[in-house]
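A.B. asks:
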Amino acid sequence: MEYQHLSAEELKNQIEQTKQREAELKKALDQRWQTEKTELAQEIKDLIDARGHDAEEIANLLMPSGKRRRGSGSTGAKRAGTGNYTRYVDPENPDNVYSRGVLPRWMKDKMAALGLNSGNKEDRETFKANYLQAVQD
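With the sequence shown counted from 1, adding 277 to any position gets you this note's numbering.
1) Rounded C-beta distance between D326 and A332? I'm assuming under 8 Å.
2) Relative to the C-alpha of Q419, which candidate in G329, K322, D307, W310 has its C-alpha closest?
3) Can you name, in chain order, every residue of its own chain whose Cβ lies under 7 Å from the Cβ of A411, other than the five neighbours on each side?
4) Y375 and L391 - do their beta-carbons sit closer together than 9 Å?
5) Mark M340 as exposed unless 16 or more other C-beta atoms lie within 10 angstroms of its C-beta, in which case mark it buried.
6) Is it buried or exposed for R401, if we count other Cβ within 10 angstroms and need 16 for buried?
7) Buried or exposed for K289, please, with buried defined as at least 16 other CB atoms from any protein chain shown within 10 angstroms of its CB.
8) DSSP on Y365, reduced to helix/strand/coil?
9) Mapping DSSP to helix, strand and coil, what is Q413?
10) Take L283 and list the residues in its own chain whose beta-carbon comes closer than 8 Å to its own, dropping the five residues that flank it on each side.
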């Protein structure tokens, strides 16, 4: 494009359009990176699960030594001496799996639909016992 024939106003408009396009491209790039990271994380988790390891333990091994997360062991039904945790599977959708830590959205939604409070430990235990299938690896 020949810019010397454009007026100052037209040049300003071109610059503004370029800035808007750049913002849109940056947003699209951020979304693409997030999608790719999520897909990569799922592939890695599937590989770890397929080999019979605990994803959280492997994640801790990947962290630099000064930044490793410290496991409290206070959440989940840990089996003595194995380092594995009971996994709970949604019988209505086997892709919905929970083992420990932050409750996934699907679990919170199902608990709310049943009138259970996901913030209450007793309600969580009731839900796991009555509505999920415990899977021992």
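C-beta atoms are modelled at their ideal positions from N, C-alpha and C, and glycine is treated no differently.
C.D. replies: Taking the structure as given:
1) At roughly 7 Å, the Cβ-Cβ gap stays under 8 Å, so D326 and A332 are in contact.
2) Outside the displayed range of the chain (278 to 414) lies residue 419, so it cannot be described from this structure.
3) Cβ within range, chain order: T363, Y365.
4) Taking the C-beta atoms as reference points, Y375 is found no nearer than 9 Å to L391.
5) By the 10 Å Cβ count, M340 comes out exposed.
6) It is buried - the Cβ of R401 has at least 16 other Cβ atoms within 10 Å.
7) Burial call: exposed.
8) Under the three-state reduction of DSSP output, Y365 falls in the strand class.
9) In the structure shown, Q413 sits in coil (DSSP, three-state: anything other than H, G, I, E or B).
10) If the five residues before and after L283 are omitted, its C-beta is found closer than 8 Å to the C-beta atoms of Q291, all from its own chain and listed in chain order.
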